[in-house]
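Taking our numbering, the leading residue of the sequence shown gets 542, the next gets one more, and so forth.
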Amino acid sequence: MSRTGDLLDPPQSHNADRPAGRTVAATGPDGRQRERTPGLVGQIAVFVGPLLVYALLPTRNHNYADDSLSWAYQLTQSGDLINSHHLYLNPMRWLYHLLTGVGVTVDPFSLLALYSAVWGALGLAILYRLLVRAGLAVPALWGTLLCAVSAGYWSYSIAGDVYIPAAALMTTGVYCVYCGLTARDARAARWYAVGATLAFAIMLTHHQAHVVFVLGMVPAVLLMRTATGHRRVLIGVAVPAAVCALAVAMYAVAYLAVPDEQQHGFIQFGAGYVESFEPRADQKQLGVGTLVNVAAGETRALVSTNVMFRSPELAQSIQDGYPQRATYPFPYLVRELPVPVAVLAGVAALVGVLLAALLALRGLWAGVKERGLVLLVVVPMLPQMLFFAWWEGISDEFSLWTLPLLAILAARGAAEMKHPLRWLRTTVTCVFVSTFVGSVLLYWDPGNDIDLVNDGYVASLGRNDVLVGFEDIQSDFRIMLEADRQGFEYLNFFNVTEPQDVRNFDTALDAAAGAGMTIRVSPRLTHPPKSALAFRQSVDPHFDGRRAALLAKLAKMPDVDWIPPAVFSERYFESPGDV
C-alpha cells in the first residue's frame, strides 16, 4: 500500500479492525489513495455558522479579555509602535486610520472584535478540514464543535484580543505541515511548506511567544512516519528555519521604524514588555503549585468557571488564595444567576471536563503510536505548555491555543470508542451549556461588567474636568478613550511608580487646579479593589504612603468632587477610611 497518502491509515488488510470513528481513503483506478477533503457545503457551514454567532453577538464585558480595551485605545493613537509582542496591531491601526480618514465611523473595539470573529470561524473551518484529512471524518464535525463552544474559544472570538487569531493561524500552520507531509507529490508538498511558513510567521505577529511551538515542530516532524527523508527536511527543518528568519526580518524592520531616541537594543525590543524574569505570585516560576495552576488555566479555557463565584464563601476563598488576582468582577457577573441554574452549569462543566479529558487521553494513547497527526501536535505542545506554565499557568488566555489541538485529541479518542458520536455529542453538549450559561450569555449584558457600571460617571465629564483615578487596565483604557472623545483631563495614579512620576503627577494636578478645572476623584482611588492594592504593594513598597499622601492632598483642596462607587462590596474593595 502506498505510504504517500494519509499517515494515519491502517494497512488496507486491517480495515475490518479499525475503530468505528476512523475512515480510510478511497482509491482510484491506479490503486493509489485519494486525499480526503470535506464537502464544500460542510466547510461553508462550519465557517459561516460560527462567524454569524461570533460577529453578530460580540461581548459587552471587558473584564475577562483584559487587554482588549488597551488595543482598542492604541488603535486610535498615532506615532509609536503599539507592541512588539503583537506586531499585527500596527497594520490594524493603519486600517483604522484609513477608514476614519475617508469618513467611515469605526469603533476600534468592534473592529478588533470582528477581526477575532473572522479568524475564529476560519480556524474552525481549517480544523474541520484537518480532521477529515487525517481520517477522522466521522467525528470531525463534533470535534470542531467542541473547540467552537469551549468557553475560551467562544469568549475570545467575540472580544478584540490577540489570542484567537494566533490560535487559528497555528491551526492553519499545522494543517499545512500535515498536508505537506502527506501530499502525493513533491510540488504540492512545497506549496504546503510555503503555506506553513506564512501561517506560522503571521501567527508570530499576533503572539510572539508561539515561536516555541514552531521550534517544537522540528522533533515532531522528524518523528513522523513519512515517506522520505527529503520531506522531513523540507517540512521539519526548512519551514521552522524560514519562519524564524522571517520573524527576525519583521522585527528588524519594526525596530528600525522606532525613533532613534527610543531604541535601546534589538534584544530588549524583541523582549517587549518582559521587563524582568524575576518571579511574581503565580508568574515566572515553576513548582508543584504550577501544576495546579496549569490545570486551572486549562479548565478555565475549556469550560466556564464563573459560576463558582455564585458561592460567596468559595469566591472569598479564591480571593484569599490569589490576593493579587482581580476576582471581584466575577461574583458581580453571576450575582443574578439563579442558584439551580448555576449548579446545572457547574455540573455540565465538570462532566464536560471529565469527558474531554477521557477522550483526549484515549486519543493521545492511540494516536502517538501511529506517529501521525496526534504526534505532530503533541510534541510541540510540550515545550509550549512548559513555557506558558512558567509564564502564567493559571491564566486561561495562555491555554486558548491548546483548544484546537485538544479537539484533535478528543476526536481521535472518540474514534476509538464503539459509539464515537455519542461520546462527542455528550461532551459538546456539556461544554456548550457551561459556556453559554456561565459566560457568553452574561457577557452580552453590559450591566454585568462591574467596572463599566462603576465607570458610568465618566459620561458626564467635560472639558473643564480633571479626573484623578486609580484605574487598572480595563478602566484605564476605557477612560482614556472617553477622555479623547469628551475632552476632559485624566490623571491615573495606578501608573505612578517612581519618585519622578509622583512629582510629575503633583505638577499636573496643581496645574489643573490653578487653571480652575473641577477636580473629580474616581471611586477606584477611594474604594480601590483589594487585588489592585495587593498587586501595587508587591511591586512598589512605597505605594501605600504615596496613595495616602495623595488622598490627604486632595482632602485639603477646595471643591473636590468625591465620586461614590455605584457598586461596592467590603469583601473585595477597600473602605475609604476617613476620606
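C-beta: ideal position from N, C-alpha, C; glycine also.
Can you find the residues in the same chain that come closer than 7 angstroms, C-beta to C-beta, to residue i, ignoring five residues on each side of it along the sequence?
{"i": "Ala1075", "result": "Pro864 and Gln865"}
{"i": "Leu1066", "result": "Val1009, Gly1010, Phe1011 and Phe1034"}
{"i": "Asn938", "result": "With the sequence shown as reference, residue 938 is identified as Glu, and Asn is not the correct amino acid for it. Closer than 7 angstroms at Cβ, skipping near neighbours: Tyr704."}
{"i": "Gly572", "result": "A caution first: Gly572 carries a pLDDT of 36, below 50, which makes its placement in the model too unreliable to give a value."}
{"i": "Ala1049", "result": "Leu1032"}
{"i": "Thr976", "result": "Val690, Ser691, Ala692, Trp695, Val844 and Ser845"}
Short of 6 angstroms in beta carbon distance, which residues of its chain neighbour residue i, apart from the five on each side in sequence? Order them along the chain.
{"i": "Leu710", "result": "Ala740, Ile743 and Met744"}
{"i": "Val759", "result": "Gly777 and Pro781"}
{"i": "Thr525", "result": "Given that the chain is displayed from residue 542 to residue 1120, the structure contains no residue 525 and the question cannot be resolved."}
What's the call for residue i, buried or exposed, on a 16-neighbour Cβ count within 10 Å?
{"i": "Ile776", "result": "buried"}
{"i": "Ser1063", "result": "buried"}
{"i": "Phe1114", "result": "buried"}
{"i": "Ala1107", "result": "exposed"}
{"i": "His603", "result": "buried"}
{"i": "Arg1019", "result": "buried"}
{"i": "Asp1025", "result": "exposed"}
{"i": "Thr738", "result": "buried"}
{"i": "Ser554", "result": "The pLDDT assigned to Ser554 is 32, lower than 50, so where the model puts this residue is not dependable; a value taken from the coordinates is nonetheless given after this. Ser554 is exposed by the Cβ-count criterion."}
{"i": "Leu653", "result": "buried"}
{"i": "Asp702", "result": "buried"}
{"i": "Asp1100", "result": "exposed"}
{"i": "His1068", "result": "buried"}
{"i": "Gly954", "result": "buried"}
{"i": "Ile808", "result": "exposed"}
Whose C-beta lies closer than 8 angstroms to the C-beta of residue i among residues of the same chain, with five residues either side of it excluded?
{"i": "Ile705", "result": "Ser657, Trp660, Gly661, Gly664, Tyr694, Tyr697, Ser698 and Leu941"}
{"i": "Phe928", "result": "Ala750 and Val753"}
{"i": "Ala856", "result": "Met849, Phe850, Thr868, Phe871, Pro872 and Arg1112"}
{"i": "Ala681", "result": "Pro579, Tyr669, Leu672, Val673 and Ala952"}
{"i": "Asn631", "result": "Leu622, Ile623 and Ala795"}
Could you give the first and the last residue of the continuous alpha helix (DSSP H) run that contains residue i?
{"i": "Arg1061", "result": "Note, Arg1061: premise wrong, no alpha helix (DSSP H); beta strand (DSSP E) at Thr1059 to Val1062."}
{"i": "Leu900", "result": "Val880 to Glu911"}
{"i": "Val762", "result": "Val752 to Leu764"}
{"i": "Gly721", "result": "Tyr704 to Thr723"}
{"i": "Asp992", "result": "Ile991 to Asn995"}
{"i": "Tyr614", "result": "Ser609 to Thr617"}
{"i": "Gln925", "result": "Leu914 to Glu933"}
{"i": "Phe1046", "result": "Pro1040 to Gly1055"}
{"i": "Tyr869", "result": "No alpha helix (DSSP H) holds Tyr869; DSSP gives it neither H nor E."}
{"i": "Trp498", "result": "The shown model of the chain, from 542 to 1120, leaves out residue 498, and the question about it has no answer."}
{"i": "Asn631", "result": "Leu630 to Gly642"}
{"i": "Leu946", "result": "Thr943 to Ala956"}
{"i": "Ser975", "result": "Pro961 to Thr976"}
Tell me which residue opens and which closes the beta strand (DSSP E) that residue i is part of.
{"i": "Gly590", "result": "Not the beta strand (DSSP E): Gly590 falls in the alpha helix (DSSP H), residues Leu581 to Leu597."}
{"i": "Leu1032", "result": "Glu1030 to Asn1033"}
{"i": "Gly1010", "result": "Asp1006 to Gly1010"}
Any heavy atom of the ligand MG closer than 8 angstroms to the CB of residue i?
{"i": "Leu941", "result": "Summarising the ligand content, the structure contains no ligands, and the ligand MG is consequently not present."}
Problem set entry | Residue ranges of each alpha helix (DSSP H) within the region 789 to 852, 4 or longer | 807 to 812 and 829 to 843, all fully within the region 789 to 852.
For this session: May I ask you to verify whether the region 909 to 919 touches the region 946 to 960, counting CB pairs closer than 8 angstroms and requiring at least 3?
Result: yes
Exercise. Do the region 609 to 627 and the region 799 to 814 meet, that is, are 3 or more Cβ pairs less than 8 angstroms apart?
Worked result: yes
For this session: Quick one: which unbroken beta strand (DSSP E) runs of 3-plus residues sit fully inside the region 661 to 701? Chain order, please.
Result: none
Problem set entry | Segment contact, 8 angstroms Cβ cut-off, at least three pairs: the region 708 to 724 with the region 970 to 990 | no
Problem set entry | Every unbroken alpha helix (DSSP H) within the region 1078 to 1118, with a cutoff of 4 residues, ordered by chain | DSSP runs (the alpha helix (DSSP H)) wholly in the region 1078 to 1118: 1084 to 1097.
Exercise. Is the region 576 to 584 in contact with the region 963 to 977, if contact means three or more CB pairs nearer than 8 angstroms?
Worked result: no
Problem set entry | Cβ contact check for the region 643 to 657 and the region 610 to 617: 3 or more pairs under 8 angstroms | yes
Exercise. Is there contact here, the region 835 to 843 with the region 1044 to 1058, by at least three beta-carbon pairs under 8 angstroms?
Worked result: no
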